[in-house]
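Novice: Take a look at this one; I'll ask things after.
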Amino acid sequence: MNNIDLEILFLDKIKELNNKFQVIPFEHLSKVNGQLKLPRVIARTISNNVIHRYTNDREDTKKYGVFKQTNINKHIISFSFTLNKKDSYADVAIVRDYFTNIEAINWWIKLNGLNLVIEEVGELKDITDYTASDLLERYVFDVVVRTSKELTTEIEIIKDVDFEIKGGN
763 MNNIDLEILF
773 LDKIKELNNK
783 FQVIPFEHLS
793 KVNGQLKLPR
803 VIARTISNNV
813 IHRYTNDRED
823 TKKYGVFKQT
833 NINKHIISFS
843 FTLNKKDSYA
853 DVAIVRDYFT
863 NIEAINWWIK
873 LNGLNLVIEE
883 VGELKDITDY
893 TASDLLERYV
903 FDVVVRTSKE
913 LTTEIEIIKD
923 VDFEIKGGN
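Our numbering puts the first residue of the sequence shown at 763, with every later residue one more than the last.
Here it is as structure tokens:
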């Protein structure tokens with residue numbers, strides 16, 4: 763699963779939990795820059811690494827050898843919440859608690875044809891900005907997610923090869 767699809771999947775769930783939040787994947791931030799609202803959530807993938815590769819049995823057809831490999835990826839996604847004066851820490855805590863409560867339940871959850879599991883939910887950190895004129899209340903937490911994707915490659919089977927060896931001199 764690519765980064766943006768995973769971010770959108772989580773942001774849609776956050777929107778479902780609390781529809782007051784404007785949800786934005788980091789990649790789309792420049793497109794909505796003039797239309798930013800409060801409260802908002804910005805999701806950004808910090809890392810995405812293949813941590814395991816499993817090679818499945820080879821399956822042959824008459825013409826092709828079919829090779830399958832399953833990749834397990836570890837994603838770390840950061841969610842940054844910026845609040846307005848009507849919202850509070852409790853609104854963000856509800857979202858974090860939701861993800862914490864489904865952490866590692868049904869280990870490989872089948873979702874949209876892809877497997878994923880929430881492995882860990884980080885602590886909720888206060889990163890509020892204090893300025894001379896205002897207070898910008900901000901909170902952040904990270905989610906570690908594992909995804910699974912099966913890759914398939916077909917390679918043509920060559921039954922016979924004829925070759926002739928000729929020597930020099």
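Backbone N, C-alpha and C define an ideal beta-carbon position, used for all residues, glycine too.
1. Determine, using beta carbons only, whether E885 and V906 come nearer to each other than 8 Å.
2. Please classify E821: is it buried, with 16 or more other beta-carbons within 10 angstroms of its beta-carbon, or exposed?
3. How many angstroms separate the CA atom of Y829 from the CA atom of T844?
4. Take the Cβ of V923 as the centre, count every other Cβ of all protein chains shown within 10 Å, and call the residue buried at 16 or more, exposed below.
5. Quick check on F772: buried or exposed, where buried means 16 or more other Cβ atoms within 10 Å of its Cβ?
6. Please state whether DSSP places N765 in a helix, a strand or coil.
7. Would the beta-carbon of V857 fall within 8 Å of that of I766?
8. With DSSP as the reference, identify every bridge partner of N833, one or two as the case may be.
Specialist: By the coordinates alone:
1. Translated into positions along the sequence shown, residue 885 becomes position 123. Translated into positions along the sequence shown, residue 906 becomes position 144. It is not a contact, given that the beta carbons lie outside the stated cut-off.
2. In the sequence shown, the residue the question calls residue 821 occupies position 59. E821 is exposed by the Cβ-count criterion.
3. Sequence index remark: in the sequence shown, residue 829 carries index 67 (1-based). Sequence index remark: in the sequence shown, residue 844 carries index 82 (1-based). For clarity, residue 829 is Phe in the given sequence; the question names Tyr instead. Approximately 47 Å between the Cα atoms of the pair.
4. Counting from one through the sequence shown, the residue named residue 923 turns up at place 161. Flag for V923 reads exposed.
5. As a first step, residue 772 must be located in the sequence shown, where it is residue number 10. Looking at its Cβ environment, which holds 16 or more other Cβ atoms inside 10 Å, F772 is buried.
6. On the sequence shown, residue 765 is found 3 positions in, with the first residue counted as 1. If DSSP states are grouped into helix, strand and coil, N765 belongs with the helices.
7. By 1-based counting over the sequence shown, the position of residue 857 is 95. By 1-based counting over the sequence shown, the position of residue 766 is 4. Contact: no.
8. Sequence index remark: in the sequence shown, residue 833 carries index 71 (1-based). DSSP lists R815 and K911 as partners of N833.
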